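A quick write-up on the structure given underneath.
Numbering (our numbering), first residue to last: 149 to 644.
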């Protein structure tokens, strides 16, 4: 029986990161993957959907420009879209596969053992690998579970991944659907609504159980995103309860009911279920190793990647915490550092930088206004409209805003930020660092940013809080705002 210092079950972004970090410590590492290295981070997930989003944005921008000039609308075929998507996936897939092969060579001292197959725990140290009916058992001093997640389905809706789809099947359609209903108004649902409405060939409907999309975000963000979706022809069914969704021939029929007692029935060509994801924990043999379960997935005993079994860790989507590629990788690296580096620091989830690929792009770190109210945290809030940022003016993309949330005291330590607009994702990292370091805004006030750049908006927000701004909120009241927020009550701050 082969023995390893670390065995990683699952070769998605988290599992791959764990294996590479184990190699850094000079350990014998085995990576087990039943299907494709890269997982949902490459296939039917982050890379594929964002490739579609980037391409759809280009199509939208071109058409916005040429249609205004009276020219014929630019058309792109789904075949061309698929080719672009395939090229992106192949590029990343090749990087993973080439890297793994080289690490297994004699020249690289066989740093990694890679096993194709399904890994199952038979004890807290033994794993049986099943590949096409052939089995072998290996021994591990430490084990990381990183088996990822899959799209959540509804018990009364039959998914065939042809007419009724999840994100696993949406990339495999043969052409732009004439019409598409998206069940779920969270990030993924709104991202796909953005993508297909950008291409301009699909009538999109979103079913939203609540009164606004993206319910976890502040109203100023959700209102702007919803407005842009509607302007692109998207119909948002707010406060709607899905009574039924069935396949009728080659189409989908769905029925909605509303609080006022009204109902409506609509037929579309395709349906996309976007109601979250669930961890892949079936048939892992967790009971054989004594790993306890919780409602969110694998039970994290000390809330720091380790399960209740000291040598078994759970990272990425399977842990049931935050289903993001970057968090899965960080959790994986952290788990390995706990094993072999005796890392004492707990993993910090307070400064997670996220991106929502919408129209416009939304980036976030830390808390927002509604979270501050829910947690009864008195804060100061500053907002700056994109129309006052030189780079946004030059790009002719002035829709959006910066919003920074700080403590309601003299120190004004940064608690969170939201950026809505072009280049939002490039403007978030500095604030994420300050949140992690628990630092005040003063450090940003005199920092020299590149000009012209979108990140200059951060500095102007900070200057507003310090009453040193270039533009005075008393003049540009519709573009600038600075207020305190205590127990849900907004109070304007006196600024020049």
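Backbone N, C-alpha and C define an ideal beta-carbon position, used for all residues, glycine too.
These numbers come from a predicted model, not from an experiment.
I think residue i touches residue j, with their Cβ atoms under 8 Å apart; what is that distance to the nearest whole Å?
i	j	result
residue 173	residue 488	4 Å
residue 264	residue 279	5 Å
residue 513	residue 500	7 Å
residue 378	residue 429	Going by Cβ atoms, the distance from residue 378 to residue 429 rounds to 39 Å, so no, they are not a contact pair.
residue 457	residue 438	5 Å
residue 335	residue 345	With 8 Å as the limit, residue 335 and residue 345 do not qualify as a contact, their Cβ atoms being about 16 Å apart.
Helix, strand or coil for residue i per DSSP?
i	result
residue 266	strand
residue 434	helix
residue 506	coil
residue 279	strand
residue 299	strand
residue 244	helix
residue 181	strand
residue 350	coil
residue 373	helix
residue 555	strand
residue 344	helix
residue 111	Given that the chain is displayed from residue 149 to residue 644, the structure contains no residue 111 and the question cannot be resolved.
residue 469	coil
residue 636	coil
residue 161	helix
residue 488	helix
residue 389	strand
residue 584	helix
residue 442	strand
residue 642	coil
residue 616	coil
residue 543	helix
residue 414	strand
residue 564	strand
residue 589	coil
residue 576	coil
Under 7 Å Cβ to Cβ from residue i, same chain only, skipping five residues before and after it: list those, please.
i	result
residue 540	534, 546, 569, 570, 602
residue 431	268
residue 337	330, 354, 422
residue 192	315, 316, 319
residue 399	415, 416, 417
residue 436	269, 270, 271
residue 426	297, 298, 300
How about residue i and residue j: do their beta carbons lie closer than 7 Å?
i	j	result
residue 305	residue 393	yes
residue 593	residue 614	yes
residue 516	residue 366	yes
residue 528	residue 549	no
residue 315	residue 417	no
residue 330	residue 341	yes
residue 189	residue 473	yes
residue 332	residue 423	yes
residue 245	residue 343	no
residue 162	residue 468	no
residue 185	residue 159	yes
residue 565	residue 579	yes
residue 361	residue 370	yes
residue 224	residue 207	yes
residue 259	residue 251	yes
residue 167	residue 156	yes
residue 221	residue 229	no
residue 470	residue 573	no
residue 492	residue 542	no
residue 199	residue 236	yes
residue 196	residue 233	yes
Given residue i, which residues of its chain have a CB within under 8 Å of its CB, disregarding the five upstream and five downstream residues?
i	result
residue 494	451, 452
residue 498	514, 583, 584
residue 607	592, 593, 595, 597
residue 111	Only positions 149 to 644 of the chain appear in the structure, and residue 111 is not among them; the question remains open.
residue 618	608, 611
residue 616	593
Against chain D, does residue i count as a neighbour if the rule is that its beta carbon must be under 7 Å from one of theirs?
i	result
residue 318	Given the protein chain composition of this structure (a single chain), no chain D is represented.
Looking only at its own chain, which residues have a Cβ that is under 6 Å from the Cβ of residue i, when we skip the five neighbours before and after it?
i	result
residue 391	403, 405
residue 526	556, 634
residue 640	631
residue 170	154, 177, 484
residue 605	532, 537, 550
residue 411	405
residue 187	160, 296
Would you check if there are 3 or more beta carbon pairs closer than 8 Å linking the segment 178-185 to the segment 303-311?
Cβ pair count under 8 Å is below three, so no.
Inter-stretch contact (C-beta, 8 Å, three-pair minimum) for the segment 403-414 and the segment 269-276:
Too few Cβ pairs lie closer than 8 Å, so no.
Is the number of C-beta pairs between the segment 290-299 and the segment 383-401 that are closer than 8 Å three or more?
Cβ pair count under 8 Å is below three, so no.
Indicate whether the contact test is met: 3 or more Cβ pairs, each with one atom in the segment 624-634 and one in the segment 581-594, closer than 8 Å.
Contact check between the segment 624-634 and the segment 581-594: fewer than three CB pairs, one atom from each, fall below 8 Å, which does not count as touching.
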